[in-house]
Amino acid sequence: MAREIAKAYEPQQIEPRWAEYWVAEALFRADAAAPGPVFSIVIPPPNVTGSLHIGHMLDHTEIDILTRWHRMRGFNTLYLPGTDHAGISTQRVVVRQLAEQGVDYRALGREEFERRVWKWKEESGGTITRQMRQIGETCDWSREKFTLSPELSRVVREVFVRLYEEGLIYRAHYLVNWCPSCLTALSDLETVHEERQGHLWHIRYPVVGTNEYLMVATTRPETMLGDTGVAVHPEDARYKHLVGKNVRLPLMNREIPIVADAMVDREFGTGAVKVTPAHDPNDFECGRRHGLAEIDVMTDDGHMNAAAGAYAGLERFEARQRVVADLKAQGLLEKITDHSHAIALCERCKTVVEPRASTQWFCKMKPLAEPAIAAVERGEIRIVPDNRREEYFHWMRNIRDWVISRQLWWGHRIPAWHCGDCKEVTVARETPAKCSKCGSAKIAQDSDVLDTWFSSALWPFSTLGWPEETLDFKKYYPTSVLVTAYDILFFWVARMIMMGLHFTDQVPFRAVYLHSLVRTADGEKMSKSKGTGLDPVALNQQYGTDAMRFCLASMAAPGTDIVLSEDRLASARNFANKIWNAARFLFVNFDRFEQGGARIEELASPDVRLGAPYATGGAVALADAWIFSRLAGTTELVNEALANYRFHEAAQGVYQFFWGDFCDWYIEWVKPDLQNADGDRAVVAWKNLFAAFEAALRLLHPFMPFLTEELWHQLPQRAGAKSIALDQYPEALPKWVDVAAEKHFELLQEVIVALRNVRAEMKLDPRKKIAAEFSSAAGVIRDLVERDREAILRLAILSELNISSEKLVSSGGTLRSTAQFDVRVAFAEAVDMVAELARLRKEKDRLERDIEDKTKRLADETFRSRAPERIVRGLETTLVERRIEYAKVNDRLGQLEQGG
RNA sequence: GGGCGACUAGCUCAGUUGGUUAGAGCGCUCCCCUCACACGGGAGAGGUCAAAGGUUCAAGUCCUUUGUCGCCCACCA
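Taking our numbering, the leading residue of the first sequence gets 19, the next gets one more, and so forth.
Dropping the structure here:
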């Protein structure tokens, strides 16, 4: 029957209490005028993070861990939160809705606000693009009501105008990706490709004035309605005689020329290509080379237009069927073959993208990319992990001009005005009164907005007051690190680097840490636009935000993606509970010690932070020396790991220390010392226990901020102590490292484990104390055991322990041996001979194999001469130990087999 | 068509520059509601590191090939 659980850690009781506190007090306020080292960090803008999905919670988790870590190490930390972005996130919409009801979203509290956002997101469905259009139609929210902060708008205009004046932004008629559902142009990055099984239709185009046909192959037959030529390869003998002639375009009854162009691949299809300049990138270029007309046969929403003749009004895929049917009826369809190819889909709505010629604004990328490549090559920006560097280079070296105009509802309007009279364009920082070319007052602002990533690219400096030389800008630019998921390396990171370098002549950040994506159990990427996220609010309530954070951190090994499992979350929750209960143990004892003379001020003494553990009469107890040595090791590990963005190593190191060392061994070890309320040792033990625990809390704080903050406040603190987040992060103290203590303590652990092992094998009742014998040839080891005899008796549940140097015999008991010592429990009736023999034989086999392997390697002269001495010596030592173990096992096996 | 990553215990995953008996969490087996904690304690079992070659004194780790899965990039109609 399980005991009633009344002492479990309840995250919801403490986490909300501290939420406001740390945000306001501890972390996000940075003072540019303050002295000291700087750590500044950029977080993704809200259209990226959404903040609600676990996938992007990793951003916040890792950023917050880093931020807290730096803050505690005395850095003047700036964390640039993304609140002012061109994109309209669901959050922004909800903020707006609340504002219309006269509610300040901040007053709702974080949880309630997130719940509402989540709800709205689920109820409204679809993409925000479409949601916004609906809103625009049903209420008076106009684009202007979504006006972004004036500061950011000013920066965006400034940048746009400068780039335009430098000739890097231009307006052109060009072929772009068009989404017929979102009704906007898209950059290449905003499309996704999907391999689909399609067809290749072979169509006969009659050559005018002959009986010949020219056969073309196409995957999109409906575009033939916009054909204005047919191209063949200039060297192609099959068609050479036809170049210069015309074909009659079927269905449209239009004569179009046959041209020779090297773009044609003679091997593919029929070697003749229909040219549709308005609907295909290759054809567009080809059409320009040969002066062919562009005929756009579609409407914005993917229907055929008047230029499609009889097919006008049909939806594009319907038109495809009709075109094919009609060609077939006219006997012009030669054949249909299967053809699988990757088609481009709109990233947001998954509609098939239509390549289409249209007039858009573009940004020239080559001149911006070159310095950005160089900066990473020179190491001015470190990209972690390394392999992402190569991806970055590959993309940057093959970069193409960027379509920056979008026909969307919101965002930064393009600061360009079209003249109704002279049709010229005026680009300006401030709204002009008249056309700069002809002076006409009939001007209207371009209706397009900028790609949301355009303003995102300016984030690192637009948030710091650029173009003014503000104190913030001077102090915090470049930022220290950018943390984000690798999926927006090109969208965002690369563009920030380009824009940062172009406008400030400095890199925008010194390091880019690209973390994994969180995937669902099916391996799908968790993302808000796909709706595949788990609900972090629900999970947080179930397991606690600290558990969630710790779990994410402990799984965040760079390079691979994370599959979030409830098992791991539960494990992290259990860890939180473990800490909670360890703290309870301390609190229970605390009162007694206060009465026993230990003063709060003493406990909070800084001595232990600087030097060695507290000592009794000048001597540090072994267990104390050991735990502080382990603490020092863990501290070094955690600091080192965080410095290299190895969050999982840091988290796992803290976990191991806290649970495996501190709780499992140290607390158990010192318990009796604490029971004894009067006496020097009791006070010292308590002080050390407190000091180690307190240091561990600080070490753990970035990973479990709420829990550690709460517990830290319940521990005695110096007057005026405000928050653990403002306290000092443990730095590795060389004085604490005690190699001998670690080695000695480990030996005692081995002795205890060996004895427990024997007990378990005998299936002894844990309450039953038994007598045991200990034997070692080494006096040092016997002394060690002697000195901590009490602890061994208690932890191995022994009635007595006889220590000697005599060889132990196995008859009438069970023996455990290591190279250093033997332990024996005399309890004949409980010995399971069969199991014991099986165990020993297995052990013997293993040792035999190991000894053979090592002997062979050591006998190898090449090994001895080439391997480092450290390795050879280590192997020799181990071999000696193995031989002792083998002799002991063999000996015992012989006794058992004989004795029966 | 290019490029990248993964394949390690039943499951989910660690394992930085090659080096002494390959680790964790969950699950499993056995014993325990022992006065911080059953979201716990104690003790175990469990892996020829996807396959085959190679380099090396030494390979989970480096190279080559193969297989399976996943991802990114790509204007072949």
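By construction, the Cβ of each residue, glycine as well, lies at the ideal position given by its N, Cα and C atoms.
Here the structure is a predicted model, which is why all the values come from computation and not from measurement.
- Message: Quick check: the region 492–501 against the region 184–199, are at least 3 beta-carbon pairs closer than 8 Å?
- Response: Here the region 184–199 does not lie against the region 492–501, with fewer than 3 beta-carbon pairs under 8 Å apart.
- Item | Exposure of GLY671, with buried meaning 16 or more beta-carbon neighbours within 10 Å | Counting Cβ neighbours within 10 Å, GLY671 comes out buried, since at least 16 surround it.
- Query: Which same chain residues, not among the five before or five after ARG800, have their C-beta less than 6 Å away from its C-beta?
  - Reply: Excluding positions up to five away in sequence, the list reads SER794 and ILE821.
- Residue range of the beta strand (DSSP E) that TYR192 falls in? Per DSSP, the continuous beta strand (DSSP E) segment holding TYR192 begins and ends at 187–197.
- Query: So is LYS292 buried or exposed if we call it buried at 16+ other beta carbons inside 10 Å?
  - Reply: LYS292 comes out buried.
- Message: For LEU729, which residues in the same chain have their Cβ closer than 8 Å to its Cβ, ignoring the five residues on either side in sequence?
- Response: If we look at LEU729 and ignore the five residues flanking it on each side, its Cβ neighbours are ILE597, TRP598, ALA601 and LEU715.
- Message: Going by DSSP, what residue range makes up the alpha helix (DSSP H) through LYS492?
- Response: Residues 489–494.
- Near TYR561, which residues of its chain fall below 6 Å by C-beta distance, leaving aside the five closest residues on each side in sequence? Cβ neighbours of TYR561 beyond the five flanking positions: LEU587 and ARG591.
- Message: Considering only DSSP beta bridges, list what ILE12 is partnered with.
- Response: Residue 12 lies beyond the residue range present for the chain, which begins at 19 and ends at 918; the question has no answer from this structure.
- Task: Please look up how many angstroms separate the CB atoms of LEU468 and SER423, rounded, as I've assumed it's under 8 Å.
- Result: That belief holds up - the Cβ atoms of LEU468 and SER423 are roughly 7 Å apart, short of 8 Å.
- Task: Let me know the alpha helix (DSSP H) ranges lying completely inside the region 365–418, each 4 residues or longer, listed in chain order.
- Result: Scanning the region 365–418 from its first residue to its last, the whole alpha helix (DSSP H) runs of 4-plus residues come out as 384–395 and 405–415.
- Identify which residue in VAL112, CYS200 and GLU879 has its Cα closest to the Cα of LYS368. Minimum Cα distance to LYS368 is reached at CYS200.
- Taking contact to mean at least 3 C-beta pairs separated by less than 8 Å, is the region 803–817 in contact with the region 763–774? Yes, the region 803–817 is in contact with the region 763–774.
- Task: For ASN607, count neighbouring C-beta atoms within 10 Å of its own C-beta (all shown protein chains included) and say buried if the count is 16 or more, exposed if not.
- Result: The residue is buried, with at least 16 neighbouring Cβ atoms inside 10 Å.
- Item | Nearest neighbour of ARG175, chosen from ALA529, TYR684, SER473 and ALA633 [CA to CA] | Nearest in C-alpha terms to ARG175, of all of ALA529, TYR684, SER473 and ALA633, is SER473.
- Using the rule of at least 16 other Cβ atoms within 10 Å of the residue's Cβ for burial, across every protein chain shown, is HIS359 buried or exposed? By the C-beta density criterion, HIS359 is exposed, having fewer than 16 other C-beta atoms within 10 angstroms.
- Task: Count the C-beta pairs between the region 276–290 and the region 232–250 that are closer than 8 Å, then say yes if the count reaches three, no if not.
- Result: The region 276–290, when compared against the region 232–250, does touch it at the 8 Å Cβ threshold.
- What's the C-alpha gap between PHE839 and ALA669? Pairing PHE839 with ALA669, the inter-Cα distance amounts to about 35 Å.
- Apply the 10 Å Cβ neighbour rule to GLU309 and answer buried if 16 or more other Cβ atoms are within range, or exposed otherwise. Rather than Glu, the amino acid found at residue 309 in this sequence is Gly. Sixteen is the threshold: since fewer than 16 other Cβ atoms of the shown chains lie within 10 Å of the Cβ of GLY309, the residue is exposed.
- Quick one: grab the DSSP three-state call for LYS761. Note: LYS761 maps to helix in three-state DSSP.
- Cβ pair ALA529, VAL499 closer than 8 Å: One thing to note: ALA529 has its Cβ within 8 Å of the Cβ of VAL499.
- Task: Assuming LEU218 and THR237 form a contact by the criterion Cβ under 8 Å, report the distance between their Cβ atoms to the nearest whole angstrom.
- Result: Correct: roughly 6 Å between the Cβ atoms.
- Three-way DSSP call (helix, strand, coil) for ASP318 in this model: Residue state, collapsed to three classes: coil.
- Item | contact_flag[the region 220–228, the region 393–403] where n(CB pairs < 8 Å) is 3 or more | No, the region 220–228 does not touch the region 393–403.
- Message: Rounding to the nearest angstrom, what Cα-Cα distance links PRO168 and LEU345 in this structure?
- Response: Distance between the alpha carbons of PRO168 and LEU345: 57 Å.
- Task: From the DSSP output, in three-state form, read off TYR504 for me.
- Result: When secondary structure is reduced to three states using DSSP, TYR504 falls in the helix class.
- Task: Could you check the C-alpha separation between LEU232 and GLY289 for me, to the nearest Å?
- Result: Cα to Cα, the separation comes out at about 10 Å.
- Ordered along the chain, which non-local residues of its own chain (more than five positions away) have a Cβ less than 7 Å from that of ALA387? Leaving aside the five residues that flank ALA387 on each side, the residues in its chain whose CB is nearer than 7 Å to its CB run, in chain order, MET414, ILE417 and MET516.
- Tell whether a beta-carbon distance below 8 Å holds between LEU76 and ALA503. Going by beta carbons, LEU76 and ALA503 fall inside the 8 Å limit.
- Contacting residues, own chain, Cβ-Cβ under 6 Å from GLY438 (five flanking each side not counted): So the list reads LYS460, once near-sequence residues are dropped.
- Task: Sort VAL907, VAL803, GLU808 and THR563 by Cα distance to PRO34 and report the nearest one.
- Result: Nearest Cα to PRO34 within the set VAL907, VAL803, GLU808 and THR563: THR563.
- Message: I'd like to check one pair, LEU269 with VAL315: are the Cβ atoms closer than 8 Å?
- Response: The answer is no: Cβ separation not under 8 Å.
- Task: Taking MET516 as part of the alpha helix (DSSP H), name the residues at either end of that continuous run.
- Result: MET516 -> alpha helix (DSSP H) spans 513–522.
- Query: How is the alpha helix (DSSP H) around GLN693 delimited, first residue to last?
  - Reply: Where GLN693 is concerned, the enclosing alpha helix (DSSP H) stretches over 686–693.
- Going straight from the alpha carbon of CYS304 to that of LEU535, what length do you get? Roughly 41 Å between the two C-alpha positions.
- Task: Inspect the beta-carbon positions of ARG284 and ASP254 and report whether they are closer than 8 Å.
- Result: Taking 8 Å as the Cβ cut-off, ARG284 and ASP254 qualify as a contacting pair.
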